[in-house]
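Data block below; observations after.
Residue numbers (this note's numbering): 60 to 293.
Structure below.
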């Protein structure tokens with residue numbers, strides 16, 4: 060691993076374990092340079108990456124200040140598993156598997172009407188005791204033969220990456236607001252008038268092939284998402 064990526068990873072770990080809190084100043088570039096026995100330019104490269112990813116703000120004459128990211132409850136600009144979001148956000152959550160079955164990928168994901176075989180995994184997310192989200196994942200059967208129920212309950216990404224050794228690279232997401240359907244109404248106990256925030260995504264591996272499609276349906280009255288945006292050059 061290149062030195063600047065090592066510094067990035069270790070500083071990020073210190074932020075996630077709350078060794079530094081929002082508003083805190085990180086040690087100076089000089090101190091990191093001495094700690095890791097690297098040039099200041101290498102440290103600056105790591106800090107620039109942390110700044111671009113929205114973890115710190117670089118203030119001239121002061122150093123690096125930790126940014127408050129605790130409001131990132133449902134990140135749409137990042138690719139994280141639900142279990143990772145729960146851990147990072149400190150949510151009290153229960154993950155309930157509703158069904159695992161053979162299916163075809165819905166046409167909304169495949170506009171050319173290809174018949175793509177998939178394993179459909181539907182899960183309900185109960186947050187602080189309230190039914191809030193339903194996720195429907197369609198995992199392509201030509202890549203993954205089956206999804207063990209115990210892994211479905213813990214983490215789908217964990218199974219794909221840790222057990223099957225797939226390398227997930229990126230996801231393309233779209234967000235719409237739609238009416239609740241009968242499945243939402245049954246499992247989330249919402250009325251037909253309740254709007255749903257629907258995030259549809261396709262997840263790609265490092266070879267650019269698609270491994271799964273996801274439809275994540277959130278109660279609109281419980282949904283919040285903040286996207287960190289930086290204007291480059293300022």
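Yeah, the Cβ is synthetic: ideal placement off N, Cα and C, and Gly gets one too.
Two segments are said to touch when three or more pairs of C-beta atoms, one from each, lie closer than 8 Å; by this definition the stretch 252-270 touches the stretch 223-239. Using a Cβ distance threshold of 8 Å, residue 70 and residue 84 do not count as a contacting pair. DSSP, reduced to helix, strand and coil, places residue 238 within a strand of the structure shown. A check of alpha carbon separations from residue 120 across 96, 210, 88 and 92 identifies 88 as the nearest. Annotated three-state conformation of residue 263 is strand, per DSSP. Unbroken alpha helix (DSSP H) runs of no fewer than 4 residues, entirely contained in the stretch 95-125, are found at 99-111, following chain order. Unbroken alpha helix (DSSP H) stretches of 4 residues or longer found wholly inside the stretch 172-220: 208-213, given in chain order. For residue 167, no beta strand (DSSP E) encloses it, and the DSSP letter there is neither H nor E.
In this structure the stretch 174-183 touches the stretch 197-210; the number of beta carbon pairs closer than 8 Å is three or more. Of all alpha-carbon atoms in 114, 271, 142 and 265, the one lying nearest the alpha-carbon of residue 73 is that of 114. Distance between residue 80 and residue 269, taken at the CA atoms: about 37 Å.
For residue 278, the enclosing beta strand (DSSP E) stretches over residues 269-278. Cβ atoms of residue 117 and residue 154 stay farther apart than 8 Å, at about 38 Å. For the set 219, 126 and 228, the Cα lying nearest the Cα of residue 200 is the one of 219.
For residue 69, the uninterrupted alpha helix (DSSP H) segment begins and ends at 62-75.
The C-beta of residue 222 has fewer than 16 other C-beta atoms within 10 Å across all chains shown, which makes the residue exposed. Under DSSP, the beta-bridge partners assigned to residue 254 are 238. At the C-beta level, residue 272 and residue 164 come within 8 Å of one another. Taking all protein chains in view, the Cβ of residue 167 is surrounded by fewer than 16 other Cβ atoms within 10 Å, so the residue is classified as exposed. When the beta-carbon positions are compared, residue 255 and residue 278 come within less than 8 Å of each other. Check the Cα spacing between residue 125 and each of 76, 250, 238 and 197: the tightest is with 76. For residue 232, the beta-bridge partners assigned by DSSP are 260. DSSP, read as helix, strand or coil, puts residue 223 in coil.
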